[in-house]
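Quick note: the sequence shown uses numbering that gives the first Met the number 0, first residue 0, plus one each step.
Glycine residues also receive a C-beta, built at the ideal position from the N, C-alpha and C atoms.
All figures in this text were calculated on a predicted structure; none of them were measured in a lab.
This report refers to the structure that appears directly beneath it.
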Amino acid sequence: MASSFDKYQKRKLISSYVSVVISIALVLFLLGSLGLLVINSKKVADHFKEQVVMTIYLNDTAKEVEVNQLKKSLAMADYTKDAVYVSKEEAAEFMKAETGEDFMDFVGYNPLKNSIDVHLKADFVTTEQLTEITESLSNKAFIEEIRYDNDLVELMNDNVKKITFWVLIISGLFTLIAVLLINSSIRLAVYSKRFIIKTMQMVGATKRFIRRPFVWKSVQLGIIGALIALAGMAVVLYYLDLTFPELELLKNTTLIIGLFVGIFLLGILITWISTFIATQRFLNLKTDQLYY
0 MASSFDKYQK
10 RKLISSYVSV
20 VISIALVLFL
30 LGSLGLLVIN
40 SKKVADHFKE
50 QVVMTIYLND
60 TAKEVEVNQL
70 KKSLAMADYT
80 KDAVYVSKEE
90 AAEFMKAETG
100 EDFMDFVGYN
110 PLKNSIDVHL
120 KADFVTTEQL
130 TEITESLSNK
140 AFIEEIRYDN
150 DLVELMNDNV
160 KKITFWVLII
170 SGLFTLIAVL
180 LINSSIRLAV
190 YSKRFIIKTM
200 QMVGATKRFI
210 RRPFVWKSVQ
220 LGIIGALIAL
230 AGMAVVLYYL
240 DLTFPELELL
250 KNTTLIIGLF
260 VGIFLLGILI
270 TWISTFIATQ
280 RFLNLKTDQL
290 YY
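Printed below as a string of structure tokens:
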């Protein structure tokens with residue numbers, strides 16, 4: 000009978016430990032995933048900004064020397080990520096492939112212009128910077144027109160500011176939730192042993208002596224939960240890097256390592272503090288209060 004009861008108690012204890020580990024792992028995984036989002040939010044925003052194209056249309060009378068000088072100056076400019084020259088013939092072929100029809104059969108000639116498509120660096124994709132760049136290029140007589148989607152640029156910058164604000168708010172909220180959930184799981188685990196704590200105290204054990212095994216066990220569970228969370232984060236990060244290689248998510252190794260170390264230490268810190276507070280609470284309770 001005693002053996003059966005011991006087995007039941009052991010299973011109950013293991014179940015309690017497993018639930019604590021799972022709670023810690025899930026919360027830290029969500030927190031870590033949000034951390035990855037925060038770290039890479041600027042990179043993702045920059046990636047989309049750099050998809051904005053500023054197209055420089057050239058006059059048909061533009062000399063080859065002038066066009067080559069313009070291409071060289073654009074390639075050397077601080078704001079240029081890359082610049083591609085598109086001839087009117089290439090533009091016509093592109094439109095033909097897009098529409099499935101040869102518009103020159105109806106028009107009788109090629110009305111398109113030679114152009115240069117410029118992808119700007121993310122820091123220069125603002126209305127002010129684009130206006131300044133446009134004004135500096137417009138004084139060249141062989142440039143007929145410069146076009147870019149200003150509404151898209153303004154919308155993108157506004158959305159980036161809003162998303163950054165809300166990501167920070169959600170990060171703070173998630174951190175608070177993580178602390179509360181882990182603390183709740185630890186308190187429940189300690190609550191189940193409140194009578195053992197009081198018994199040890201009644202036979203003369205010091206508070207520090209009683210707390211030590213509880214704190215150490217919780218820290219062990221915190222380490223296991225943190226390692227599981229980090230493994231999950233590594234899988235997600237690896238998968239995202241394979242899916243979106245252009246974002247170069249693994250390039251920022253210092254920040255990523257810092258985040259992983261931070262999540263690991265957070266798992267240890269929260270479990271240590273939660274266990275310390277929970278055991279201290281039951282140590283300070285009177286015996287008749289343990290039943291409530």
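Going by C-alpha positions, Ser-217 is about 7 Å away from Trp-271. In the structure shown, Ala-82 falls within a strand segment according to DSSP collapsed to helix, strand and coil. In the DSSP assignment, Tyr-147 falls outside any beta strand (DSSP E), carrying neither H nor E. Of all C-beta pairs linking the region 35-52 to the region 241-257, three or more are shorter than 8 Å, placing the two stretches in contact. Under the three-state reduction of DSSP output, Val-51 falls in the coil class, being neither helix nor strand. Residue pairing by DSSP places His-46 in no beta bridge whatsoever. Taking each of Ser-86, Met-53 and Ile-176 in turn and checking the Cα distance to Ile-23, the smallest one comes out for Ile-176. By the neighbour-count criterion, in which 16 or more other beta carbons inside 10 Å mark a residue as buried, Asn-149 falls on the exposed side. When the beta-carbon positions are compared, Ile-269 and Ile-181 come within less than 7 Å of each other. Shown here, Leu-249 sits in coil according to DSSP, grouped into three states, outside any helix or strand.
In this structure Thr-98 is exposed. Its beta-carbon is surrounded by fewer than 16 other beta-carbon atoms within 10 angstroms. Sequence-distant partners of Glu-153 (beyond 5 residues in either direction) whose C-beta falls short of 7 Å from its own C-beta, in its chain, are Thr-126.
Separation of Ala-230 and Ile-21 (C-alpha to C-alpha, rounded to the nearest whole angstrom) is 13 Å. Within the DSSP secondary-structure output, Val-117 pairs in a beta bridge with Met-53 and Ala-82. A distance below 7 Å separates the beta carbons of Asn-58 and Glu-143. In the three-state reduction of the DSSP assignment, Asp-77 falls in the coil class. In this structure, the beta-carbon distance from Tyr-56 to Lys-112 falls below 7 Å. Here the region 60-74 does not lie against the region 161-170, with fewer than 3 beta-carbon pairs under 8 Å apart.
Closest in alpha carbon position to Val-37, among Leu-282, Ile-255, Arg-280 and Leu-264, is Ile-255. DSSP, read as helix, strand or coil, puts Leu-111 in coil.
Spatial neighbours of Ile-223 in its own chain (CB-CB distance under 6 Å, excluding positions within 5 residues in sequence) are listed in chain order as Val-20. If you ignore the 5 residues before and after Leu-226, its C-beta comes within less than 8 Å of the C-beta of Phe-263, all in its own chain and listed in chain order. Judged by DSSP secondary structure, Gly-224 falls within the alpha helix (DSSP H) whose first and last residues are 206-242.
Under the three-state reduction of DSSP output, Asp-59 falls in the coil class, being neither helix nor strand. For the pair of segments examined, the region 274-281 was found to touch the region 201-216: the number of CB pairs separated by less than 8 Å reaches three. In chain order, Leu-111 place their CB closer than 6 Å to the CB of Ala-90, counting only its own chain and leaving out the 5 sequence neighbours on each side. The Cβ-Cβ distance between Ser-114 and Thr-54 falls below 7 Å. Rounded to whole angstroms, the separation of the alpha carbons of Leu-30 and Gly-261 is 11 Å.
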